[in-house]
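Novice:
Protein chains: 2
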Amino acid sequence: MKLVRTIADMQQLAREWHRNGKRIGLVPTMGYLHEGHLSLLDVAASRSEEVVVSVFVNPSQFGPGEDLERYPRDFERDRELCENRGAAAIFCPSVEEMYAGGHSTWVIEDKLTAPLCGASRPTHFRGVTTVVAKLFNAVLPDVAVFGQKDGQQALVIQRMVRDLNFPVEIVVAPTVRETDGLAMSSRNAYLTRDDRDRALAISRGLRKAREAFANGERHASALRLLVAQEIEDAAGRIDYVEMVSRQDLKPLVLVGEPAMLAVAAFFGKTRLIDNCFLG
Amino acid sequence: MKLVRTIADMQQLAREWHRNGKRIGLVPTMGYLHEGHLSLLDVAASRSEEVVVSVFVNPSQFGPGEDLERYPRDFERDRELCENRGAAAIFCPSVEEMYAGGHSTWVIEDKLTAPLCGASRPTHFRGVTTVVAKLFNAVLPDVAVFGQKDGQQALVIQRMVRDLNFPVEIVVAPTVRETDGLAMSSRNAYLTRDDRDRALAISRGLRKAREAFANGERHASALRLLVAQEIEDAAGRIDYVEMVSRQDLKPLVLVGEPAMLAVAAFFGKTRLIDNCFLG
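In order, the protein sequences belong to chains Y and H. Here the numbering used here = 1-based position in the first sequence + 38. Here the numbering used here = 1-based position in the second sequence + 38.
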C-alpha cells in the first residue's frame, strides 16, 4: 500500500492506473477509522480495482469553536486498518498542501445545504463540497463511496457531482452500527460512559419511527415526536429532528415520497447525527 | 471533426482519447469565432493531439439587462472555422444539458473577482468559474487555452485551477488585434462605424501607456491617465481604467512588480475590455 502526500504524486499515480485500464475507487475520510469507514472500503473494492482512502481532517468544514483541534487522530492505526482491508493507497496531504496560501475558491451548493446541519453549521458544507471537489481532482476516482450516516452530505455531494459534471459515480453505503444500535462515528470517542448510554436514545427513537412507519403512520409530526421524545427522556439536547424529502430536503408533512428522518442531538458536549430513510 | 452535444458523450470521447495516450486541448468559447479564438486553437494544437472547442453561450455569466439574448451566434460559420483550423471536436451542449433543473452548485472565487469587471458585473465571474469547471469535467482536458484580452478571467481561472486541483494546465495566449489595434471580440459586431472608430482610443491609450512605461514612467496614476484621456477625448464612457498587480489584482501606486493595466469602456451601448501587461 502506498502513502501519497502530494496532489501531484496522487494525480500521477491515478493517471498511471487509468492508463493501465484500472478503475479507481475513493473513500474520503477524516481518519480515526472505524468499521463504518472500512465497510465503505469494501463497497469501493467491489466496484473498482484500486481503492484510495483519503485521510484528511479538513479545517474548512469546521466552524469557529467546533472541534477541529481535538478531532481524534491516529494515523498509524488508520494505516494498518487500510492496509489490512486491501487499500491500494492512502492519500494523506498536509493542510498546507491542500490549502495553498491565498486559497480563495469555494464550491458552494446553496439549496440542499440550507436546512438541517447547514442551519446549525453555516460554513460546514462549503468546506465539505470544496474539499471533496479537491479530492476528486487529486485522486481522479471513477467511483466514490460515502456513508448514509451523513445523509445530507451524501445528497449534497450527489447534487454537486451532477451540477459540476464530475465524471464520478457516487455510492451511498448503509450506516454501520454498534451492536446496541449506536451509529458508528469517530466522534463517539468523545462520549463519556454515561453520554454513550444516553445517546442510544437516537437510534432507539429512529427504530421506533421505522416501526411506526411500517405499521402505517405517515404523519411527519408523529414520527418526529417518537424520536424527540426518546432523546428528551434521555436528557439529550436536540439540535433538530426533521422529516425531509430525499429529493430536495424540504420538510414533509406527510411521508408520501422517499423521505429522510434526520436527527442531530447533543449528549454532553458531543453533537451526534443519525438518520433513517423511509419510503 | 465531431459534433458532441451531451456531457456523457464528451466524457466518453475524452476517455477514449486518454486511453489511447492522446493529450486533449480545450478552447472554451461562446462562439461567433474570430481570429483571436482561432489563434487559441493553434496554441492548443501545439500542446495536445486532440483539440476540442467548446461553443456555449453561458447564461449564468450574463447579468440581468446584459446582452445574453442578442449575443451574436453563427454556429455554421463556427463549425467551418473549427474544422478548417484542425479541431478534433466541437462540444456544443444545449443550455438544458448544461444546467439541469434545480442547478444549485456554484464555483466561487472570492478575491480576484472583486475588482475590475467583478465590481461592474457582480455575478459574472461566478458564472465563468462554474461553467469552466463544468467544461473541464466534461472535456477532461490536459491543457486549456484562454485569451489575454480577458485578463482578469485568465487570472481567476488560474486561481481556480490551483485552488481546486484541476489536473489542467492553463495557457494564456496573447490578444489578437485588428490591423488598426482594436482587440478582437465577438462584441465588436455590436459597434456602429462611428463607435468602432472612436473605440480605437482604448488600444491607442494602452499603446501610449506601454511607451511611457518603456521610457521609465512608473506612476500608475500617470499611466492610467494616458488611457483615460484618450477614451474621454473620443467620447467613450469609462467603466474603469486600473493598474493592478498580476499576482492579486490589488491596485498599484507604482509599477514595481508584474502589473496589468486594465480597461473597460462603453462606446455607444457596447462595453469593451482590453489590457496590457507591464513589468
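Note that the Cβ used here is the ideal one computed from N, Cα and C, for glycine as well.
Buried or exposed: where does Y/Val91 fall if 16 or more other Cβ atoms within 10 Å of its Cβ makes it buried?
Specialist: buried
Novice: Would you verify that the beta carbon of Y/Asp232 is, or is not, closer than 9 Å to some beta carbon of chain H?
Specialist: no
Novice: Along chain Y, which residues have their Cβ under 7 Å away from the Cβ of H/His141?
Specialist: Asp201
Novice: For Y/Gly189, count neighbouring Cβ atoms within 10 angstroms of its own Cβ and tell me buried if that reaches 16, exposed if not.
Specialist: buried
Novice: Taking beta-carbon pairs under 9 Å, can you tell me which members of the stretch 119-151 of chain H lie near chain Y?
Specialist: Only Met136, Tyr137, Ala138, Gly140, His141, Ser142, Thr143, Trp144, Val145, Ile146, Glu147, Asp148, Lys149, Leu150 and Thr151 from the stretch 119-151 of chain H bring a Cβ to less than 9 Å from some Cβ of chain Y.
Novice: If you measure beta-carbon to beta-carbon, which residues of the stretch 202-225 of chain H are closer than 8 Å to chain Y?
Specialist: Leu202, Asn203, Phe204 and Pro205
Novice: For H/Asn253, count neighbouring C-beta atoms within 10 Å of its own C-beta (all shown protein chains included) and say buried if the count is 16 or more, exposed if not.
Specialist: With fewer than 16 other Cβ atoms within 10 Å, it is exposed.
Novice: Quick check: what's the CA-CA separation for Y/Gly274 versus Y/Leu154?
Specialist: 17 Å
Novice: On the DSSP bridge assignment, give the partners of Y/Met136 in chain order.
Specialist: According to DSSP, which records beta bridges pairwise, Y/Met136 is partnered with nothing at all.
Novice: Can Y/Arg201 and H/Ala138 be called in contact, C-beta distance under 9 Å?
Specialist: Sequence inspection shows Asp at residue 201 of chain Y; the Arg mentioned does not correspond to that position. Their beta carbons are under 9 Å apart, which means Y/Asp201 touches H/Ala138 by this criterion.
Novice: Check for me: the beta strand (DSSP E) holding Y/Asn313 runs from which residue to which?
Specialist: Note, Y/Asn313: beta strand (DSSP E), Thr308 to Leu316.
Novice: Could you check whether H/Cys130 and H/Leu76 sit closer than 9 Å to each other, using their CB atoms as the reference points?
Specialist: no
Novice: If we cut at 9 Å on Cβ distances, does H/Asp47 have a partner in chain Y?
Specialist: no
Novice: Going along chain H, which residues have a C-beta under 8 Å from Y/His162?
Specialist: Here the premise fails: no neighbours, minimum Cβ distance about 16 Å.
Novice: For H/Asp286, would you say it is in contact with chain Y, using Cβ-to-Cβ distances shorter than 9 Å as the test?
Specialist: Under the Cβ criterion of 9 Å, H/Asp286 is counted among the residues facing chain Y.
Novice: What residue range is occupied by the uninterrupted alpha helix (DSSP H) comprising Y/Thr167?
Specialist: His162 to Val177
Novice: Below 8 Å CB to CB, which residues in the same chain sit around H/Gly165 once its five sequence neighbours on both sides are set aside?
Specialist: Within the same chain, and ignoring the five residues on either side of H/Gly165 in sequence, the residues whose Cβ sits closer than 8 Å to its Cβ are Asn96, Pro97, Ser98, Gln99 and Phe100.
Novice: By the criterion of Cβ-Cβ separation under 8 Å, what are the contact partners of Y/Arg275 in chain H?
Specialist: Chain H residues near Y/Arg275: none, gap ~31 Å exceeds 8 Å.
Novice: What would DSSP say about H/Ser77, mapped onto helix, strand or coil?
Specialist: helix
Novice: Taking only beta-carbon atoms, is H/Leu178 less than 9 Å away from chain Y?
Specialist: yes
Novice: Taking only beta-carbon atoms, is H/Thr167 less than 9 Å away from chain Y?
Specialist: yes
Novice: Taking CB distances under 9 Å as the criterion, tell me whether Y/His257 reaches chain H.
Specialist: Put simply, the CB of Y/His257 is far from chain H, with every gap to its CB atoms at 9 Å or more.
Novice: By alpha-carbon positions, which one of Y/Thr308, Y/Gly59, Y/Leu150 and Y/Gly124 ends up nearest to Y/Ser283?
Specialist: Y/Leu150
Novice: Would you grab the beta carbon distance between H/Asn203 and Y/Asn203 for me? Rounded to a whole angstrom, and I think it's under 8 Å.
Specialist: 16 Å between Cβ atoms; not a contact.
Novice: Which two residues bound the contiguous alpha helix (DSSP H) that contains Y/Phe251?
Specialist: Arg231 to Ala252
Novice: Between which two residues does the alpha helix (DSSP H) holding H/Asp201 run?
Specialist: Gly189 to Leu202
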